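So the sequence shown is numbered by full-length UniProt numbering: it starts at 1 and just counts up by one.
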Amino acid sequence: MRLFIILIFLCGHVRAQTILVAEKGKVIVRQQSDTVAFQLGSVSKTFTAVAVLQLEEKGKIHLNDPLVKYFSAFPYPDITIYHLLTHTSGLPDKEEIFLPYLAQHPDTVFTNKDIIPALKKPLAFTPGTAWRYNNIGFALLASLVEKVSGQPFAKYMQQHVFQPAGMQHTYLLGDKNPGMVTGYLVRAHYSGELQPIDSSKRLRPWTYNMRKLYGPTNVISTPLDLLHYHLSKLLKPASIHKMLSPAHLANGSRIETDGEFGKGSYGLGWFIQSDTNIVMHTGREPGFFTFYCRDLAHDKTIIILDNTESPGFGSVVRRYLGMPEPVYKKSLFLPYAKILLAKGPDAAITFFNQYKSDSTYFTNEMELNELGLELLDDHHETAALEALKLCTILYPDSWNTYDSYGKALLQSGQKKEAILMYEKSVKMNPQNEPAKKILATITP
1 MRLFIILIFL CGHVRAQTIL VAEKGKVIVR QQSDTVAFQL GSVSKTFTAV AVLQLEEKGK
61 IHLNDPLVKY FSAFPYPDIT IYHLLTHTSG LPDKEEIFLP YLAQHPDTVF TNKDIIPALK
121 KPLAFTPGTA WRYNNIGFAL LASLVEKVSG QPFAKYMQQH VFQPAGMQHT YLLGDKNPGM
181 VTGYLVRAHY SGELQPIDSS KRLRPWTYNM RKLYGPTNVI STPLDLLHYH LSKLLKPASI
241 HKMLSPAHLA NGSRIETDGE FGKGSYGLGW FIQSDTNIVM HTGREPGFFT FYCRDLAHDK
301 TIIILDNTES PGFGSVVRRY LGMPEPVYKK SLFLPYAKIL LAKGPDAAIT FFNQYKSDST
361 YFTNEMELNE LGLELLDDHH ETAALEALKL CTILYPDSWN TYDSYGKALL QSGQKKEAIL
421 MYEKSVKMNP QNEPAKKILA TITP
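This is how it looks when you write it as C-alpha cells:
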C-alpha cells in the first residue's frame, strides 16, 4: 500500500472527504461513512460502458453498428457505437452545442433528448481517425441503452448494474439525492472562501442547465459501493478484457492519450496507464473530484472522493501513479489582487512591476479577468476597476478584456466610459451579442 496517500491527507494537503484503499477485496484504509454519497462525474462513463457491453453480450447490438441504425435523425452516418465508446467520433461536445443557445435562452434545461436535434456542427475529424475526449458521445450511448432495452436509463442501471453489483447507495442524480454531500468550490480566489456549487451563477450552465444529461456523468455513489463495483461480475471475462484493453483507430494504431496523469491509452470507457496494469478514470463536476483506480496486477483498488475542489488532489494522483511532480509557477495576479484589496492600487501595481519579469511567477489573462469580476461581484468596485483596467493594458488584443472592463465601469456609474469599452469589444468581436444588447439599452 502507498502510505504517502494517508500521510498527505493527514497533513491537510487535500481537503478530501473520503478515501478507500482495498487489496484483494479487503478494505485496508477507510475514511468517512460508507453511506455518504458523492457525484462521480466522468467515472460514470465506466458504468455506461458496462451497460452497452451487456447489450452486446445479449446480441441486441454490435459495437460496429452505426448509431443511425437506432436513431434515424442522427446526422453523422459514419459514427459507430465503437467510436462513441472510444472517444473517436469527432463529435462536438456539450459546451460547443449548448452554451451558444444558453446565451439567448438562459433558463433552458437540457436533457438527452435535446442532443440529436442540436447536432448541427461539422465533425472535428473523420470518425475513427483520431482521439478526442467527448461527453456527448456517452450521453448518446445512454440514450442507446434506453432505446434498445426499452427502459429508462436510471431504471436499467438499477436493475442490471447497481443492484447486481451490490451497490445499495448508488443511483443517478435526480431531484432528490439521498445521502449525497454538497459540492463546494472556491467562491472568490482572492479570498479562498468556499461556497456551495448551487449558489454560483458562473457555474449555472453545469449545475442547472446541463444537469440532467446522463451517460457521461451524474452517477452518485459511495466508496464502498465502488469497491463492490470493482468486485462485481457484471460482464463475461471476454467483455471485461475488451473493455480494459487499448482500443485502436481505423488505421490499426493503438489509441494514445497524454493527459495530466501521464501517457496511456483508452479502452471502452477506461483509461489505461502505459506500461502498467493500472486502469482508471477520474471524474470532475463543479465542486467534486473523483479518482477511481484499479491496479489489476496487485488486485488493489484506490478510491478518493472529494467535494471541495481540493488543490492538492492532482498531486496525490500523480504520486500514486509514480509520476514526477511538475515544477509549478506561482500566480502573480493572486497576490496582486490581495494587495490591491489590502493596501490599494499603488502598492498593488508596485508589487506587480517588481515581479512581472520573475520566472517563478506566471501571468494569465483569464485569471486576472476572473479575479477582477470576482472583486466586482463582491462589491469591491475600486479594486475591480483597477484589476480589469490592467487586464486591458496587458492584453490589448482580447475583446473579452474590454467587455469585462465595460461591465465594471457601467456598474460603477461611469456610463460614457463603459460605452467606449463595449463598443471596442464589439468592434473586435462582432459576435459579442450580450455586449450589443447592453449597448442598445445604454447608448443615447
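Beta carbons: idealized from backbone N, C-alpha and C, even for Gly.
Since the structure is predicted, the reported quantities are computational estimates derived from the model, not experimental observations.
* Going by other Cβ atoms of all chains shown within 10 Å of its Cβ, with 16 needed for buried, is residue 64 buried or exposed? -> Counting from 1 along the sequence shown, the entry for residue 64 is found at position 64. The residue in question, residue 64, is exposed, as its Cβ has fewer than 16 Cβ neighbours within 10 Å.
* Asked: Going by the beta-carbon positions, is the gap between residue 154 and residue 140 smaller than 9 Å?
  -> Here the question's residue 154 lines up with position 154 in the sequence shown. Here the question's residue 140 lines up with position 140 in the sequence shown. No, they are not a contact pair.
* Asked: Is the distance from the Cβ of residue 232 to the Cβ of residue 297 below 9 Å?
  -> Translated into the one-based positions of the sequence shown, residue 232 becomes position 232. Translated into the one-based positions of the sequence shown, residue 297 becomes position 297. Cβ atoms of residue 232 and residue 297: not closer than 9 Å.
* Which parts of the segment 269–311 are runs of the beta strand (DSSP E), unbroken and 3 residues or longer, counting only runs that do not cross its ends? -> 271–273, 278–285, 288–295, 300–306
* Asked: Unbroken beta strand (DSSP E) runs of length 3 or more, entirely within the segment 115–200: which are they?
  -> 184–188, 193–196
* Identify which residue in 107, 75, 156, 152 has its Cα closest to the Cα of residue 116. => Indexing the sequence shown from 1 puts residue 116 at position 116. Closest by alpha carbon: 75.
* Asked: Would you say residue 97 and residue 144 are within 9 Å of each other, going by their C-beta atoms?
  -> By one-based count along the sequence shown, residue 97 stands at place 97. By one-based count along the sequence shown, residue 144 stands at place 144. Not closer than 9 Å, so no.
* **Euclidean distance between Cα positions of residue 78 and residue 119** => Counting from 1 along the sequence shown, the entry for residue 78 is found at position 78. Counting from 1 along the sequence shown, the entry for residue 119 is found at position 119. In a straight line, the C-alpha of residue 78 is about 14 Å away from that of residue 119.
* DSSP on residue 331, reduced to helix/strand/coil? -> Position 331 of the sequence shown, counting from 1, holds the residue named residue 331. Residue 331 falls in the strand class under three-state DSSP.
* Under three-state DSSP, which class holds residue 7? -> If you number the sequence shown from 1, residue 7 lands on position 7. The predicted position of residue 7 is uncertain, since its pLDDT is 39 and thus under 50; a value taken from the coordinates is nonetheless stated next. DSSP places residue 7 in helix when its eight states are reduced to three.
* Asked: How big is the Cα-Cα spacing for residue 104 and residue 58?
  -> Reading the sequence shown from its first residue, position 104 is the one you call residue 104. Reading the sequence shown from its first residue, position 58 is the one you call residue 58. Residue 104 and residue 58: Cα-Cα distance of roughly 44 Å.
* State the Cα-Cα distance for the pair residue 130 and residue 124, rounded to the nearest angstrom. => As a working mapping, residue 130 is identified with position 130 in the sequence shown. As a working mapping, residue 124 is identified with position 124 in the sequence shown. If you take the alpha carbons of residue 130 and residue 124, they lie about 9 Å apart.
* The alpha helix (DSSP H) enclosing residue 441, as first and last residue numbers -> Walking along the sequence shown from the start, residue 441 turns up at place 441. Residue 441 -> alpha helix (DSSP H) spans 433–442.
* **residue 356 - DSSP class collapsed to helix/strand/coil** => Reading the sequence shown from its first residue, position 356 is the one you call residue 356. It is coil, neither helix nor strand.
* **One or two residues paired with residue 27 in a DSSP bridge** => For the purposes of this step, residue 27 is taken as residue 27 along the sequence shown, with counting starting at 1. The partner list for residue 27 (beta bridge, DSSP) reads 22.
* Limits of the unbroken beta strand (DSSP E) element including residue 412 -> In the sequence shown, residue 412 corresponds to position 412, counting from 1. No beta strand (DSSP E) contains residue 412, which DSSP labels as neither H nor E.
* To do: Let me know if residue 193 comes out buried or exposed under the rule of 16 or more other beta-carbons within 10 Å of its beta-carbon.
  => Counting from one through the sequence shown, the residue named residue 193 turns up at place 193. Burial call: exposed.
* In chain order, what residues of the same chain lie with their CB nearer than 6 Å to the CB of residue 476, ignoring the 5 residues before and after it? -> Outside the displayed range of the chain (1 to 444) lies residue 476, so it cannot be described from this structure.
* Are the segment 399–414 and the segment 362–380 in contact at 8 Å, needing three or more beta carbon pairs? -> yes
* Comparing alpha-carbon positions, which option in 356, 51, 181 lies nearest residue 333? -> For the purposes of this step, residue 333 is identified with residue 333 of the sequence shown, where counting begins at 1. Nearest C-alpha to residue 333: 356.
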